[in-house]
Amino acid sequence: MKPAAFDYHAPDSAEETVALLAELGEEAKVIAGGQSLVPMLALRLASFGHLIDLRRVEALRGIEPRDTSVRIGATTTQAAIQRSEELRRLTPLLARATPLIGHFQIRNRGTLGGSLAHADAAAEYPAVALTLDAELEALSVRGRRTIPAGRFFTGTWTTALAEDELLTGAVFPVWWPPCGFAVEEFARRSGDFALAGATVAVGLDAAGRIDRCAIALFGLGPAPRRARTAEAELIGTEPDLDKADGIGSLAVADLDSIPSDLHGSAAYRRRVGAAMVARAWRRAVREAVHG
Ligand code: FAD
2 MKPAAFDYHA PDSAEETVAL LAELGEEAKV IAGGQSLVPM LALRLASFGH
52 LIDLRRVEAL RGIEPRDTSV RIGATTTQAA IQRSEELRRL TPLLARATPL
102 IGHFQIRNRG TLGGSLAHAD AAAEYPAVAL TLDAELEALS VRGRRTIPAG
152 RFFTGTWTTA LAEDELLTGA VFPVWWPPCG FAVEEFARRS GDFALAGATV
202 AVGLDAAGRI DRCAIALFGL GPAPRRARTA EAELIGTEPD LDKADGIGSL
252 AVADLDSIPS DLHGSAAYRR RVGAAMVARA WRRAVREAVH G
C-alpha cells in the first residue's frame, strides 16, 4: 500500500518548523527518521495532509557534553549515538540500549527524538530517559519548555508534547562513579521490539552503600514505568547480588496493565520482566562494585 497524498515541507530551522505546526494544525506531522511514521502512513494507520521533514534543520542534530549532563539534539540518529565515544563514557546506559533498537538500517535513520516522541511502550530510549531522569526540551510558537521524562510518557504512543510542539533535544544527567548501568530485554528475534525489558542504574556512596537507584520497566504497560517501591527498598543498603530475584519480583509486583497478546500472556510477561530486572540488577551492581 502507498501513503495517502500529502504536502511536503522541508524547513531550515526549528522556528520555521513550529510556525508551520501552528499554522497547519492537526493536519501536520513532523517526520524525522521515518522509521515509525512511514510504515504507519504506508499501512494507512495514519494520514496527514502535511509532512514537515526535519532533515534540513541542522540545529536539531548533535551531541553536546556539559558540566554534569549531556545534551543530545532530537534528530541525532541512533547510529550516531551508537558510534559516540563520549556517550559510551558519559551515558553508558543510553549507549548500551542503542544496539537493541531494531537493526542497523533502522538505527541509521531513526532518531533519538523520534523514538522519544513516538513513545512505543516497548522502546528502549523512553525507558533510558526515565531511568536517568532526562529532561526533554520542547519548542512551539508559544515558547520553550522543559518536560521531565517522568511526566513525558503519558500512555500508549502518547506524550506530554502538545500537537504544535517540537521536541528539540534531551538532556541526560551524568552519573559519576562508583556506579553501574545495565539494560536487559527479551525479544523473540534479534531486532524485534522487546516482549519485556528493564533498565537499572545504581550508584554507591563512599561506604559502598547504594545512594542512587533507578529501575525502569518497558513492554510491560502502556508506557515505561519506574519501579519506585523496589528502588526505595534498596537505598541505603549494601549492594547484594543475592537479592536480584527478590528485586525482580518486587519490581513487577504492582504492575496492573501488562499487555496480553499472541506473543505472550500478561502472566508470562510479568515473569520475563522480573527475570530481566534481576539480570540487569546483577550486571549493574557488578559494574558499580568492581568498575
Ligand atoms: P519518525 O518515524 O520520523 O517519527 C515517529 C513519530 O515521532 C511521529 O509521530 C513524528 O511526528 C514524531 N516525531 C519525530 N521527531 C519528532 C520531534 N523532534 N518532535 C516531535 N515529534 C517528533 N524502536 C525501538 O525503540 N526498539 C526496537 O526494537 C525497534 N525495532 C524496530 C524494528 C523495525 C522493523 C522498525 C521499522 C522500527 C523499529 N523501531 C524500534 C522504531 C525505530 O526506533 C524508530 O526509529 C523510532 O521509533 C522513531 O524514530 P524516527 O526518527 O524514525 O521517527
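Per this note's numbering, the very first residue in the sequence shown carries number 2; after that it's consecutive. Glycine is no exception: its CB is placed at the ideal position from the N, C-alpha and C atoms. Fair warning: this is a prediction, and the values are worked out from it, not measured in the lab.
Item, Value
"Check whether the Cβ of residue 157 lies closer than 7 Å to any heavy atom of the ligand FAD, and answer yes or no.", "no"
"Can you pull the DSSP bridge partners for residue 104?", "DSSP output for residue 104 lists no bridge partner at all."
"Spell out a yes or no on whether the segment 54-61 and the segment 83-91 are touching, meaning 3 or more CB-CB pairs, one atom from each, closer than 8 Å.", "no"
"Tell me whether residue 119 counts as near the ligand FAD, meaning its Cβ is closer than 7 Å to at least one heavy atom of that ligand.", "yes"
"Mind checking residue 236: buried by the 16 CB within 10 Å criterion, or exposed?", "exposed"
"Going by the C-beta, is residue 185 closer than 7 Å to any heavy atom of the ligand FAD?", "no"
"Just to confirm the assignment, what range does the beta strand (DSSP E) spanning residue 287 have?", "Segment 267-291 is the alpha helix (DSSP H) holding residue 287; no beta strand (DSSP E) there."
"What separation, rounded to the nearest whole angstrom, lies between the Cα atoms of residue 19 and residue 34?", "18 Å"
"Please look up how many angstroms separate the CB atoms of residue 216 and residue 238, rounded, as I've assumed it's under 8 Å.", "Not a contact, Cβ separation roughly 14 Å."
"Please confirm whether any heavy atom of the ligand FAD lies closer than 7 Å to the CB of residue 112.", "yes"
"For residue 172 versus residue 135, is the C-beta spacing smaller than 8 Å?", "yes"
"Decide yes or no for the touch test of the segment 258-277 against the segment 185-204: beta carbon pairs closer than 8 Å, at least 3 of them.", "yes"
"Helix, strand or coil for residue 156 per DSSP?", "strand"
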